[in-house]
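Chains as they are written, first to last, in the numbering used here: chain L, 1082 to 1368; chain Y, 12 to 306; chain H, 428 to 567.
Glycine is no exception: its CB is placed at the ideal position from the N, C-alpha and C atoms.
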Amino acid sequence: MKKTAVEPIVGRYTTVSIMGEDCRIYFEEAGQGIPFLCVPTAGSDTRQFRHMMCDEDITKKFRVITFDMPWHGKSYPPVGWEKREYKLSGELFMQTIRSVSAALGLDRPVFMGCSIGGRITLQLANFYGKEFRALIGLEAADYQTTWYDRKWLHRSDVHGGEVSAAIVSGLLSPTSPEVHRQETLWQYMQSGPGVFGGDLYYYHVDSDLRGKLGGINTKTCPLYLLTGEYDYSCRPEDTLRTAKSIPGAKAKVMKGIGHFPMSENPAQFKKYIMPVLNDIVKREKKS
Amino acid sequence: MAKFEPIKGGYVNLTIDGIEYRVYYEEAGKGIPFLLQHTAGAEGIQYRCLLNDADVTKNFRCIAYDLPFHGKSLPPLEHDWWKERYLLTLDFLMKFQDAFIKAFELKRPAYMGSSMGGHLAADLAYHCPEKYCALIGLEGSLVTAPQHSRHSANDAYFEMYDNPFIGKEALGGSMDMIIAVQTPERRRKEITWCYNKSGPGVFAGDINYYNHDHDLTGKADRIDVGKCMLYLLTGSYDPATKPSDTKMLADQVKGSYFKEMENLGHFPVTENYDLFKTFLMPVLEDILKREKGKR
Amino acid sequence: MSGASKTSMERLEEKLCTRFEQAVPKRVNSDSHFVWRGRNLTADCLLQIGSVQYLIRFEQGAIKECRRGLPLMCSWDFAVRGSARAWEELWQDPPKAGWHDIGALIKRGEMTMEGKLHPLIANLQYFKDMMELPRKGGSK
């Protein structure tokens, strides 16, 4: 498909108050229709959704919006960042998403998040299901174990960008196109010091959601869970176990994909996301 | 619903020497196109205050881009960039300008760049003045490193700033040294954050142009400001490029404009935009005067 | 050990070691960019494939020595030990999900990293790419 020189994505800035703190937030959007708010993986930014946002099959029916969380990408950290350690909690994460959604005037958007964004989908479904039309969790599970010490990610004697990228590099499918694999890793290399590790604090403080998702009602808000087969941070069996415990949740394992589906292999990811989006469109037409 | 800033960001795909790049840019305003080049290892967000300044954007279509590998501009697409060392060259910078100008069909834009961008203003004035209506160099000079230590200066930067045993904050800490002492703390920290999140090897690779590729010794006197006016401004508190360094260049370019900016350091646009604006506006007014009736 | 009485595990280890020896030292040292990526790495690594141990001496990103069997009273900075199955699976092309990366193998208990990990972690991508060289025909 021939690309036009200028892409259809538009980026903008606005100031959002998040839990009492003003944050300059950068967001991007493309398309029109059902508002579709997307959140990337830990330590990363809006570029993870660039392929989706240039795909007319999606943007002709969905207004796709993604944003850089504070401390990420073009959303710089709040004033006084140098005096504290960045630590993301589930509560801060949920309120960030809700505050940005409200600031943009989104009416019950579809929400999709990946990795920590996938996990927060479960908590959004549990506490705020009524505020969304549908929730899509990519690489999401109620519980998963780690294999490395987070402290390596932010040290004065280790390049945090290189080590962050190296640690997540194994989560990419070896069958994903190399240029997309490298592009995904590049974003980790650019991550601000302590940001990736600070995002992962969310897994530490809200480490075990098993038995804590009783508030999810998939009749109010459908829940879709998609996980790449090569993801060993959130393994397919972790997601399937999670789905089994949530009545009405729909789960699928994505072949040939790792932890970063929309970024590492957009063509393959499209095969799995389109049925979900079509399902959502069908539901919208009915209601 | 929240209020949005007037800045609009976007992505353009450029092809340079057969390689495709996805380039991020931000723009605001109408009028004379005004290209804004960031410093080494940094990104276009350095110009965020300018892009929000209606006094400027009412007459200028301000466009701040991220060079490839910087900010939201990716490394080249469809090219095995991870198998190569990143080194910025004058040749690439000039081709980038051409490609960007062509993609947006800009007619004789104005250009402003800082630090390595300041050097580039002088290089553009030498190589292709006819493509621009005005060239503004901030913190620019004739040459950076003395010729005899050119290569060792390059290697030292890689040793320090592209080293897996040195954390990312080393770069922000280093840049802190060349920010004016009068700078408000929040602005200082904004600058250091920008550098802290730089991709590995990018700053060091940019220094290849800054230290190695930029040298107008013996050539600057051939710059003809009749073809395009060259404005040179440098902060009095900049130890990396001292005002006397810039004046040396200005003295060789007959008819060029030189101004020392009191109480500003190496990052005038970001350190204290309100103060920088007092130096910028006379330059912009001069450009508007020169361009009156020409567009 | 005479070939006639080798167990299947011994035969597997031998096959893996041959593959490793053919791929790794030469392909690293002949790729100048690869060596440049590891220019800050000077360290001694113990690498274990099943029961077979190697001493790999890195010097500024080049492999100065890759020796099967440790010399007497040998010291090393860090060790990476994997079961034979771990290496066999890692070097499949394409590898199976969950066996495709050193991190995945550590998580499932088939591989460990020990010792002074600082030089390894700081140069992790270099090291991972080096360990995956036997998977394909060319260098990464």
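Got a sec? Which residues, its chain only, sit under 6 Å from proline 17/Y by beta carbon, not counting five neighbours each side?
Ala39
Spatial neighbours of threonine 1202/L within its chain, please: CB distance less than 6 Å, with the 5 preceding and 5 following residues excluded, ordered by chain position.
Gly1194, Leu1216, Gly1218 and Ala1221
Enumerate, from N- to C-terminal direction, the unbroken beta strand (DSSP E) stretches of 3 or more residues contained entirely within the segment 1174–1253 of chain L.
1191–1195 and 1215–1219
So if DSSP puts arginine 494/H in a beta bridge, which residue, or which two residues, is it bridged to?
Leu482/H
Between asparagine 550/H and chain Y, is any beta-carbon pair separated by less than 8 Å?
yes
Which whole-angstrom value is the C-beta distance of tyrosine 1157/L and arginine 1105/L, which I expect to be below 8 Å?
6 Å
Note down, in chain order, all residues in the segment 175–192 of chain Y with a beta-carbon under 7 Å from any beta-carbon belonging to chain H.
Pro175 and Phe176
What is the DSSP secondary structure of aspartate 471/H, reduced to helix, strand or coil?
strand
Consider the Cβ of methionine 309/Y: report whether some Cβ of chain L lies at a distance smaller than 8 Å.
The requested residue 309/Y is not part of the displayed model; chain Y covers only 12 to 306.
Taking the alpha carbon of valine 294/Y as the point to measure from, which residue in Asn283/Y, Ile74/Y, Cys144/Y and His277/Y has its own alpha carbon closest?
Cys144/Y
By alpha-carbon positions, which one of Glu1345/L, Phe1341/L and Tyr1305/L ends up nearest to lysine 1333/L?
Tyr1305/L
With the cut-off set at 8 Å, would you say leucine 62/Y and glutamate 37/Y are in Cβ contact?
yes
Could one say the Cβ of glutamate 95/Y lies closer than 8 Å to chain H's Cβ atoms, at least one of them?
yes
Straight-line gap, proline 1347/L to tyrosine 32/Y (C-alpha atoms, nearest Å):
18 Å
Name the chain H residues whose beta carbon is nearer than 7 Å to that of alanine 1247/L?
Leu551, Gln552 and Lys555
Can you give me, in chain order, the residues of the segment 54–87 of chain Y that have a beta carbon less than 7 Å from any beta carbon in chain L?
Ile56, Lys83, Leu85 and Pro86
Enumerated in chain order, which unbroken segments of the alpha helix (DSSP H) with a length of 4 residues or greater are wholly contained in the segment 167–233 of chain Y?
180–187, 196–207 and 213–218
Taking the C-alpha atoms as reference points, what is the distance between alanine 215/Y and arginine 1291/L?
47 Å
For my contact list, lysine 200/Y and glutamate 1163/L are in at a C-beta cut-off of 8 Å; report their separation, rounded to the angstrom.
5 Å
Does any residue of chain Y have a CB that is nearer than 8 Å to the CB of serine 1125/L?
no
Expressed to the nearest angstrom, what Euclidean distance is found between the alpha-carbon atoms of valine 34/Y and glutamine 57/Y?
16 Å
Do you know offhand how far alanine 110/Y's Cα is from proline 44/Y's?
15 Å
Proximal chain Y residues relative to tryptophan 463/H, where beta-carbon distance stays under 8 Å:
Arg96
Closest by C-alpha distance to proline 279/Y, when choosing among Tyr268/Y, Asp262/Y, Arg198/Y and Pro211/Y
Arg198/Y
Restricting to Cα atoms, I'd like to know which of Phe80/Y, Ala114/Y, Ala132/Y and Pro250/Y is closest to cysteine 239/Y.
Ala132/Y
Consider the Cβ of asparagine 637/H: report whether some Cβ of chain Y lies at a distance smaller than 8 Å.
Residue 637/H lies beyond the residue range present for chain H, which begins at 428 and ends at 567; the question has no answer from this structure.
Look at the Cβ atom of serine 1196/L, then the Cβ atom of serine 1098/L, and state whether they are nearer than 8 Å.
no
Can you give the Cα-Cα distance for leucine 1358/L and glutamine 519/H, rounded to whole angstroms?
35 Å
Which two residues bound the contiguous alpha helix (DSSP H) that contains tyrosine 1282/L?
1276–1286
Within chain H, partners of valine 1260/L - CB distance below 8 Å:
Neighbours of valine 1260/L on chain H: none; closest Cβ ~14 Å, over 8 Å.
Contacts around tyrosine 1107/L, its chain only, beta-carbon distance under 8 Å, and the 5 residues preceding and following it disregarded
Gly1092, Arg1093, Tyr1094, Thr1127, Phe1148, Asp1149, Gly1154, Lys1155 and Ser1156
Would you call the segment 458–470 of chain H and the segment 545–561 of chain H in contact, with 3 or more CB pairs under 8 Å?
yes
Interface partners of threonine 1256/L on chain Y, CB under 8 Å
None at all; the shortest Cβ gap to chain Y is about 18 Å.
Identify the residues that DSSP records as bridge partners of methionine 1335/L: which are they?
Gly1309/L
Would you check if there are 3 or more beta carbon pairs closer than 8 Å linking the segment 175–195 of chain Y to the segment 265–282 of chain Y?
yes
In chain Y, what lies closer than 8 Å to arginine 1093/L by C-beta?
Phe15, Glu16, Ile18, Lys19 and Gly20
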